[in-house]
Amino acid sequence: MKIAFDARLEGAERADWWRALTDALPDDDWIDPAAEGTQSARWREADIAVVANPLPGRLAHCTRLKLIQSLWAGVDRLLADATLPARVPIARMVDPMMNRAMAETAMWAVLSLHRRAFDYAAQQRQTRWRALPQRRADEVAVLVLGLGQMGRTTALQLAALGYRVSGWSARAQAVDGVETHAGWASLPAVLGAADIVVNLLPLTDDTRGLFDRTRLAQMRAGASLVNLARGAHVVEKDLLVALNTNHLAHAVLDVFDSEPLPATHVFWFHPHVTVWPHAAAQTDLRSAAAVVAANVEAVRRGEPPSHLVDRSRGY
Ligand code: NAP
Ligand code: GLV
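If you want the working numbering, it's the 1-based position in the sequence shown plus 8.
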C-alpha cells in the first residue's frame, strides 16, 4: 500500500512521527512530500494519506485515496479545505490514551478552580497568608459540553472525584453518574446551573462562537470556563468583558483564536486567565501509531476503517 504522510510539524517532532509510523507499518511504501514533492506520480498514486493539518489543496492531487487518516482528534482545519476529495472517507484520531490525557487536564482545571489553586498562587506572589472558604466537591456543579470520546471520559472521571456532573451533547446520551441533556433548547438552563463549564465540543458551523456575549451571560455569576477544545468556540473580546466585569471568576484556556497566542495578548497577563499552549491532550505517537496501523490494515482487508468523520455534521 502507498501511504502519503503529510504533517505540518516541526523538525524533530516530524521525524519522530515518521519513525513511529514507518515502524508500525514497515512493509508499506511511505511517501514523504518533503523529499518527493506533491506533484510526483507517487504522490498522486497514494492509497492512504496520514495527515496532521496538511496545507489546503495538497490532497486534491492524490486521486486514488481510499482513506484520509488524521493524526489529530479535531478535524475542523482539515475539513476547511474545500478541495478535499468528497468521496474519500476521513478517519480522525481516537485513542484512549488521548481521552485519558484530556480527562487529566480537565480534572486538574476543575480541582484547581474548586480548591482555589489559582487564587492561592496569586496570594503567594503577594506573600499573602489567607485561607479562603472551602467547598465540598459535591457542592460544585460541573458541566461538560460534548459527550464524545473526550467529554464522556472526562465526565466519568469528574463524577468519580465526587463532583455534581452534568453533560450536554447533540443527541441524547446516557453516562453513568452524570445528568445528561441534549440539544440547543436545554443549553441556557444547563449553563446557568454550572459553577464550572468544561468545553469539549468539536468546532463546527454550529459551535463556532458558542461562547459569545449572550451565552456567557447565561452562565452563573461567579462561574468559570475551561476551554480545552478550540479557540474559535469563544469570542475572546466577549470573554474579556465577562472576566473584567467579574461576571466570570476565571478562565482556563488551552486553545485560542490565534496560536501560538501572541506575546502581547491580554490573556497572558490577565489575573483571572490561566494559559496553556494547546497541550490539554497531545496525540501520543506511541499509541497513535498503532491506531493508524489498525485502520490501514482495515483498508487492506477491504473493511470499513474506524472512527470515520460524518462530514455533514463536521465531526
Ligand atoms: P467527539 O468524540 O466527536 O465528540 C463530540 C461531542 O460533541 C459529541 O458528544 C457530540 O454530540 C457533541 N456535539 C457536537 N456538536 C454538537 C452540538 N452542535 N451541540 C451539542 N453537542 C454537540 O470528539 P472528541 O474526540 O471528544 O473531541 C472533541 C474536541 O476536542 C475535538 O474536536 C477537538 O477540537 C478537541 N481536542 C482538543 C485537544 C487539545 O489538546 N486541546 C486535543 C484533542 C481534541 P453527539 O454525541 O450527540 O454526536
Ligand atoms: C488536538 O487539538 C487534536 O484535535 O488532536
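All C-beta atoms in this analysis are idealised placements derived from N, C-alpha and C, irrespective of residue type, glycine included.
Computed from a predicted structure; not experimentally measured.
query: Spatial neighbours of leucine 218 in its chain, beta-carbon cut-off 6 angstroms, leaving aside the 5 residues before and after; result: His241
query: The segment 52 to 66 in contact with the segment 13 to 29 per 3-pair CB rule at 8 angstroms; result: yes
query: Terminal residues of the alpha helix (DSSP H) in which aspartate 31 lies; result: 19 to 32
query: Closer than 8 angstroms: arginine 124 CB and nearest ligand 1 heavy atom; result: no
query: Cβ-heavy atom distance, serine 177 to ligand 1, below 8 angstroms; result: yes
query: Distance between valine 206 and isoleucine 11 (C-alpha atoms, nearest Å); result: 37 angstroms
query: Runs of beta strand (DSSP E) lying entirely within the segment 195 to 253, each at least 3 residues, in chain order; result: 204 to 207 and 231 to 235
query: Top-ranked residue by Cα proximity to valine 317, from Ala129, Ala163, Thr212 and Trp38; result: Thr212
query: Reduced DSSP category for phenylalanine 13 - H, G, I as helix; E, B as strand; rest coil; result: strand
query: Alpha-carbon spacing of arginine 309 relative to alanine 54, whole angstroms; result: 17 angstroms
query: Extent of the continuous alpha helix (DSSP H) run through glycine 159; result: 157 to 168
query: Opposing strand residues paired with serine 177 [DSSP bridges]; result: Ala190
query: Cβ-based burial, tryptophan 176 [other Cβ within 10 Å; buried from 16]; result: buried
query: Residue burial classification, tryptophan 276 (beta-carbon count within 10 angstroms, cutoff 16); result: exposed
query: Counted within 10 angstroms of its Cβ, other Cβ atoms place glutamine 134 as buried (16 or more) or exposed; result: exposed
query: Serine 194 burial status per 10 Å Cβ neighbour count (16 or more: buried); result: exposed
query: At least three beta-carbon pairs within less than 8 angstroms, the segment 106 to 116 to the segment 67 to 75; result: no
query: Collapsed DSSP secondary structure at arginine 319 in the structure displayed; result: coil
query: Neighbouring residues (CB closer than 5 angstroms to any heavy atom of ligand 2); result: Trp80, Ala81 and Gly82
query: Among Gln181, Arg22 and Arg100, the one whose alpha carbon lies nearest that of valine 299; result: Arg100
query: Cβ contact (3+ pairs, closer than 8 angstroms) linking the segment 217 to 231 and the segment 250 to 260; result: yes
query: Expected contact under 8 angstroms - CB spacing of glycine 170 and aspartate 146 to nearest Å; result: 5 angstroms
query: Rounded separation between proline 93 and leucine 73 - CA only; result: 9 angstroms
query: Threonine 46 to asparagine 235 span [Cα, whole Å]; result: 36 angstroms
query: 8 angstroms Cβ shell around arginine 52 - same chain, five flanking residues per side excluded; result: His69, Cys70, Thr71 and Arg72
query: Beta-carbon proximity of glycine 159 to valine 148, cut-off 9 angstroms; result: no
query: Contacts around threonine 162, its chain only, beta-carbon distance under 7 angstroms, and the 5 residues preceding and following it disregarded; result: Met110, Ala111, Ala114, Val152, Val206 and Leu208
query: Cα-Cα separation, threonine 91 to proline 196; result: 37 angstroms
query: Distance cut-off 8 angstroms: leucine 211 Cβ against heavy atoms of ligand 1; result: yes
query: Glutamine 132 (DSSP reduced to helix, strand or coil); result: helix
query: Minimum C-alpha distance to methionine 9 - residue among Ala28, Arg22 and Ile39; result: Ile39
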